[in-house]
Each structure stands twice: as C-alpha cells, then as structure tokens.
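Structure record follows, encoded as structure tokens.
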Amino acid sequence: MVKLPDNIEKEIEKSGKFFSDDKFWGKLKRFAKKAGSSVVYAVLLLYYTLQKPEVPKKAKVVIIGALGYFILPADLIPDAMPVAGFTDDLGALGIALFQVAMYIDEDIKSHARDKLHDWFGDNIDTSEIDAKIE
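The sequence shown lines up with residues 155 to 288 when you count with this note's numbering.
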C-alpha cells in the first residue's frame, strides 16, 4: 500500500471512531441522492470491501477511517453545502479506494452496482471510478 502523508493518515485514523454500520447506512440513505451516484459507489465499494474476511487489518483501518470521515457530522466542507459539500468526502474516499483497490473484485463491484441500481435506477455510470481502481 502507498504511504499517505502523515496529516492525511492521522485524519483518516481519527475519523474511524465515527464509523458504525448504523451510522453508515443512516447517513448513506439520507444523503445518497444529494451526494450522487459516484460518491455512493465509492462508499459502497469500500463498505463491501470491509466485509471481506481476507482483507488485511491495515486495509480495513484505512476503509474504516474513510467511511468514518464520510459519516463525520462536521468535516472540512459541510455536506449540506450545495455542490461542494461532498468534495472533501470524495477526496478521503478516493485515497482509501486507491489504497485498497487490490482487494476490490468483481463481486464487490456487482454488490455496489446493485445497490446503486436500487437507489438511482438504470442511469448509473461507474466507469470513471472503475477505471481509477483497476
């Protein structure tokens, strides 16, 4: 895994204490439409990767930190801000995706796409994120 700058790594680790399944699904359901399918897809990829028992603990810590940052009620750019609200979340999620991309397989992508389909219908495009993690 790539070494992150210390300040980013510390923020991700600190944010991990905010992660729980209940908080995760609650925020995701409340903000899915507002965040958009790209943010939701990134979040779901990380969440389903976290569920795999064979993913090493170090990778799970990165995932939990990024998901904790997503859940965090007061982050760098408040999620309630139009357009820009989820850009910092997407940055943290992107770093985590890059860190754990080797553990994201087609089964995980399929689970995430199925959930996207449930929430956003047929008009979803995951190719941009898929290209970045392959």
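Virtual Cβ for every residue (Gly too), placed ideally from N, Cα, C.
What span of residues does the alpha helix (DSSP H) with residue i cover, start to end?
i	result
Ser191	191-204
Leu226	From DSSP, Leu226 is part of no alpha helix (DSSP H); its letter is neither H nor E.
Where does residue i fall in DSSP's three states?
i	result
Ile278	coil
Leu251	helix
Asp259	coil
Ser174	coil
Val215	helix
Please identify the residue among the options whose C-alpha is closest to the C-alpha of residue i.
i	options	result
Ile258	Gly219, Asn277, Asp272, Ala285	Ala285
Leu247	Lys183, Tyr201, Asp176, Gly180	Tyr201
Phe224	Val209, Glu208, Leu198	Leu198
Gly245	Ser191, Lys181, Ala196, Thr203	Ala196
Val215	Asn277, Asp272, Phe274, Leu251	Leu251
Ser264	Phe274, Gln253, Thr280	Thr280
Trp179	Asn277, Pro207, Gly222, Ala255	Gly222
Gly219	Pro207, Ser174, Met256	Ser174
Lys206	Glu260, Asn277, Arg267, Ile283	Glu260
Leu270	Thr203, Lys212, Glu208, Val194	Val194
Lys181	Leu226, Ile262, Gln253	Leu226
Val209	Gly275, Gln253, Asn277	Gln253
Lys283	Arg184, Ser192, Lys183, Asp176	Reading the sequence as shown, one finds Ile at residue 283 and not Lys. It is Ser192 whose Cα lies nearest to the Cα of Ile283.
Ile249	Ala213, Asp276, Gly275, Asp268	Ala213
Check the C-beta distance from residue i over to residue j and give it rounded, since I have them as a contact under 8 Å.
i	j	result
Ala255	Ile287	4 Å
Trp273	Ala186	5 Å
Counting only beta-carbon separations shorter than 8 Å, does residue i have a partner in chain B?
i	result
Gly248	Protein chain content of the structure displayed is limited to a single chain, and chain B is not contained in it.
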